[in-house]
Structure formats: structure tokens, C-alpha cells
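Written out below as C-alpha cells is the structure these notes cover.
In the working numbering, the protein residues as written are 55 to 269.
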């Protein structure tokens with residue numbers, strides 16, 4: 055389901071964590087919009103308990119801002135967090151001292167990299183992608199390659215995440231993909247960003263009782 059101002063109260067502990075992280079950031083009023091793809095399987099009570107104890111949360115993004123806030127909120131809820139991004143060394147430095155966070159390498163513009171990450175991790179409970187590559191500039195200054203990279207990182211990459219991780223999501227797990235405030239509030243020089251974010255925000259909800267998610 056696509057939310058308007060924040061995560062809706064779905065029957066998953068991850069929604070509670072997303073609400074928590076918004077409270078912990080001083081920029082809550084301009085937080086990007088999350089798109090929650092929830093996978094519910096039969097035989098599992100997914101009533102919200104407010105805890106992620108013994109669950110694994112994979113977070114794709116930088117070691118700061120949104121990704122870090124979600125990582126810390128997930129840790130507070132008892133989850134084991136895996137932070138993944140292009141630069142594992144920087145992520146390791148960002149989370150130094152956080153015993154509940156391990157780091158991995160993944161490039162959302164490279165499907166082989168995503169598939170390899172899935173192979174290394176195996177089963178997880180929640181996948182969150184905050185990754186972005188902003189294509190800023192006025193129309194006359196827009197760069198085609200930058201726009202392609204933006205779509206690849208924020209739209210195509212997360213779809214490939216869903217492709218390779220859907221079979222690995224445990225019962226009651228979820229995918230959460232972020233778009234951005236520019237999808238609703240376009241400013242001068244952000245047209246490329248707005249279009250990319252709007253594409254991410256338009257992702258349909260995906261629910262499946264079987265081994266994978268489908269739109």
C-alpha cells in the first residue's frame with residue numbers, strides 16, 4: 055500500500071518502527087514517502103506487537119539520514135540490522151560501535167550484485183530501501199545519464215530487490231520502498247527528482263500467500 059504522509063497501521067511490526075524513526079528525526083515534516091509492500095503468509099499471526107525481537111531487517115542506503123534512523127529504531131525494537139550499500143567501508147565506519155548492525159555490499163544498479171546479496175544473506179524478515187541518486191537541475195541542464203541512474207537506483211533497483219528477496223522473506227515480513235517529498239512538492243530544479251519519486255510512489259501494493267510477491 056502507498057501511504058500519503060507516513061506508514062499506515064498495517065498488521066506488521068515494521069510499521070511501528072517506521073513510525074518511531076519519524077519521531078526521532080528533526081526533519082519529520084519533510085520525510086520521503088514510504089511505499090510498503092507487505093507479504094502475508096497463512097498460519098502466521100501478524101498482529102502488531104511493537105517489537106522486532108529475533109527478526110532481521112535489511113536496510114539499503116547510506117549510513118546517515120533516513121537509513122540510519124530506521125536502523126537505530128529497528129535496533130531499539132530488538133531487530134538484528136543489516137546495513138547494505140555500495141561502500142561497505144563507509145557503512146562500517148558509520149555504524150562503528152553499534153553491535154546490533156552488520157554491513158554488506160550491494161549495488162542496486164547491478165542485478166547480479168542484488169542476487170549475490172540474497173545468496174549471502176538467505177532468509178530475512180524485512181527489506182527497506184532508502185537508496186537514491188538525485189537527478190537535480192533545471193530542464194535545460196538535465197543530464198540523461200543522471201536521470202537514468204536515478205531511475206535505476208530508486209525504481210528499477212528496488213523492483214529487482216523484490217524479485218530476488220521475495221522468496222527469502224519470512225512469514226509476516228515486508229518490503230518498504232521510499233519515494234520522496236518531491237513527488238508531491240516540486241521545486242525549481244527538482245523535476246527529475248520529482249518524476250523519479252513519483253514513479254516509486256506509484257508502486258502498487260503486493261501481497262502474496264505463496265513463495266513470492268507479485269504486483
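All C-beta atoms in this analysis are idealised placements derived from N, C-alpha and C, irrespective of residue type, glycine included.
Check your understanding: Using DSSP with H/G/I as helix, E/B as strand and the rest coil, what is residue 176?
Key -> coil
Point to revise | Check whether residue 243 and residue 192 have beta carbons under 8 angstroms apart | key: yes
Review point. Given 8 angstroms as the limit, is there contact between the stretch 204-215 and the stretch 136-151, that is, 3 or more CB pairs closer than that?
Key: no
Review point. When burial is assigned at 16 or more other CB atoms within 10 Å of the CB, is residue 174 buried or exposed?
Key: exposed
Check your understanding: What did DSSP end up calling residue 152 once you bin it into helix, strand or coil?
Key -> coil
Review point. Would you say residue 236 and residue 248 are within 8 angstroms of each other, going by their C-beta atoms?
Key: yes
Check your understanding: Excluding the five sequence neighbours on either side, which residues of its own chain have a C-beta within less than 7 angstroms of the C-beta of residue 177, listed in chain order?
Key -> 222 and 224
Review point. Alpha carbon to alpha carbon, how far is residue 163 from residue 105?
Key: 32 angstroms
Practice item. Pick out whichever of 172, 241, 199 and 238 has its Cα sitting closest to the Cα of residue 217. Key: 172
Check your understanding: Is it buried or exposed for residue 189, if we count other Cβ within 10 angstroms and need 16 for buried?
Key -> buried
Review point. Which residue from 198, 253 and 140 puts its Cα closest to that of residue 231?
Key: 253
Practice item. Return the bridge partner residues of residue 112 from the DSSP annotation. Key: 136 and 181
Practice item. Could you pull out every residue in the same chain whose Cβ sits closer than 6 angstroms to the Cβ of residue 251, ignoring the five residues on either side in sequence? Key: 233, 234, 236 and 237
Exercise for review: Identify whether residue 104 lies in helix, strand or coil by the three-state DSSP scheme.
Suggested key: Only weak support is given to the placement of residue 104: the predicted model assigns it a pLDDT of 47, under 50, and the question is left unresolved by the model.
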